[in-house]
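A.B. asks:
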Amino acid sequence: MSETAVNLHLVAGWIANALALLFASAALLHLAAPGFLLRGYRNRGYGHGFHYAVGIALGLAALFLAIAETRIWGGILGAMILFVTTTSLLNREKYLCAAPMILLMIALAPAMA
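In short: position in the sequence shown from 1, add 4, done, that's our numbering.
Right, dumping it as C-alpha cells:
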C-alpha cells in the first residue's frame with residue numbers, strides 16, 4: 005500500500021470518528037430529552053416517544069461509524085437519518101438549518117472509504 009493510500013485511510017478514519025462523536029452527542033441529547041427538544045417534536049406533531057427512536061438510531065449510527073468493520077453500515081444509517089432530517093427542514097423552508105446537514109452528508113462519503 006502506498007504512503008498516499010495509507011494517509012487517505014487515516015484521514016477517512018479521523019473523519020469517521022469525528023462524525024461518530026457528533027452522532028453520539030446528538031443521541032445523548034435525544035435520549036436525555038430536554039424540554040426544548042420535547043416541545044419542538046410536540047409542536048411538529050411527532051409522537052410522545054419519537055425522540056427515543058431518533059436517539060437510538062443516532063446511537064447506532066455512531067456505534068457503527070466508530071467500528072472500522074461496520075463503518076459502511078454506520079454511513080448508510082447516518083446518511084438516511086441526515087436525508088430525512090434535511091428533507092424535513094427543506095419542506096419547512098428552513099434552508100439555513102438544512103445546510104449543515106447537507107455538509108454532514110457530504111462528509112459521510114470519505115468516512116466510509
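We put the CB at the ideal spot given by N, CA and C, even for glycine.
From what residue to what residue does the alpha helix (DSSP H) around T74 run?
C.D. replies: Neither: T74 is in no alpha helix (DSSP H) and is coded neither H nor E.
A.B. asks: Tell me whether the beta-carbon of L112 lies closer than 7 Å to the beta-carbon of A83.
C.D. replies: Cβ atoms of L112 and A83: closer than 7 Å.
A.B. asks: What separation, rounded to the nearest whole angstrom, lies between the Cα atoms of L93 and I80?
C.D. replies: Spanning the two alpha carbons is a distance of roughly 20 Å.
A.B. asks: Can you tell me where the alpha helix (DSSP H) holding R48 begins and where it ends?
C.D. replies: That residue, R48, is in no alpha helix (DSSP H); it is neither H nor E in DSSP.
A.B. asks: Count the other CB atoms, across all protein chains shown, that sit within 10 Å of the CB of L108; report buried if there are 16 or more and exposed otherwise.
C.D. replies: Buried: at least 16 other Cβ atoms inside 10 Å.
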